[in-house]
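Undergrad: Structure provided below as structure tokens; questions to follow.
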Amino acid sequence: MRIHRSRIRRRRRRLPPGTTVTDLLMMRRALDLARSAADQGEIPVGAVVYRDGLVLGEAANNREASTDPTGHAEVVAMRQAGERLGSWRLSGCSIAVTLEPCSMCAGALVNARMARIVFGASDPKAGACGSLMNVPQDTRLNHRCPVLAGVLSGPCAQALRMFFRRRRLERRAAQVSR
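Next up, the structure:
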């Protein structure tokens, strides 16, 4: 199927300024991870830690499977990256995550010295990278990292909407069958 050039231009205009091709590729990879998490009954959030186009860690939410309250995609991906680099300092690394990080994850990203945070969908109820608070830009902390919000926000938000819609339908069906 051919895509008309005007459509391509429109899509490019929707991207936040500063978005690189690598950011888009990593966000697409994070979206794939999020979709696989949804298939396993986890909230569909995926994260990829990368530097110079090389993936250092990638994960999806796994709180249900691991029974670990810190099993957020960002934290698991950072652990993998730290192991791969042999250091807890993730200086020079970026993270692409499908949902705006919560306060726990935003704090961990700052403490890991992450160079950039790239996220898709905003989280008005728990987001700590601009929605409820802005942990990565807090001047009281010893490290700050730039945040690039809204990269592929439509598909990221859609994955979450579909997951919760399906979950609500399953609950209703279970109630009716009782």
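So that you can map any letter, position 26 of the sequence shown is 44 in the numbering used here, and since no number is skipped, the others follow by simple counting. Cβ coordinates follow ideal geometry from the N, Cα and C atoms, glycine included. Quick caveat, the model's predicted, so the values are computed rather than measured.
#1: Using three-state DSSP, classify M19 as helix, strand or coil.
#2: Just to confirm my understanding: we take R25, look at its own chain, exclude 5 residues before and 5 after, and list those with CB closer than 6 Å. What are they?
#3: Pick from Q193, A192, V67 and V153: whose alpha carbon is nearest that of S109?
#4: How long is the line joining the alpha carbons of L33 and A191, rounded to whole angstroms?
#5: Shortest alpha-carbon distance to L49 belongs to which of R196, A167 and F137?
#6: Once DSSP output is grouped into helix, strand and coil, what is the label at L33?
#7: Looking at the secondary structure, which residues open and close the alpha helix (DSSP H) in which T40 lies?
#8: Considering only DSSP beta bridges, list what A167 is partnered with.
#9: For the alpha helix (DSSP H) containing V94, list its first residue and its last residue.
#10: Taking contact to mean 3 or more Cβ pairs, one atom from each stretch, closer than 8 Å, check whether the segment 81 to 98 and the segment 57 to 64 are in contact.
#11: Return the residue from the list V94, C111 and S121 that minimises the CA-CA distance to A144.
#12: Compare the Cα-Cα distances from M45 to each of W106, E76 and A114 and report the closest residue.
#13: Kindly indicate the opening and closing residues of the beta strand (DSSP E) around E82.
#14: Taking the Cβ atom as the reference point for each residue, do E76 and A95 lie within a distance shorter than 8 Å?
TA: Well, looking at it:
#1: At M19 the pLDDT is 37, less than 50, meaning the model places this residue with poor confidence; the figure from the coordinates comes in the next sentence. The answer is coil: DSSP assigns M19 none of H, G, I, E or B.
#2: Because R25 sits at a pLDDT of 47, beneath the cut-off of 50, its placement in the model cannot be relied upon, and the following sentence gives the value as read from the coordinates. Excluding sequence neighbours, R25 sits near nothing in its chain.
#3: V67
#4: 39 Å
#5: F137
#6: coil
#7: Run containing T40: V39 to D57, per the alpha helix (DSSP H) assignment.
#8: F137
#9: From DSSP, the alpha helix (DSSP H) with V94 extends over A91 to L103.
#10: yes
#11: S121
#12: A114
#13: E82 -> not in any beta strand (DSSP E); alpha helix (DSSP H) instead, spanning R81 to S84.
#14: yes
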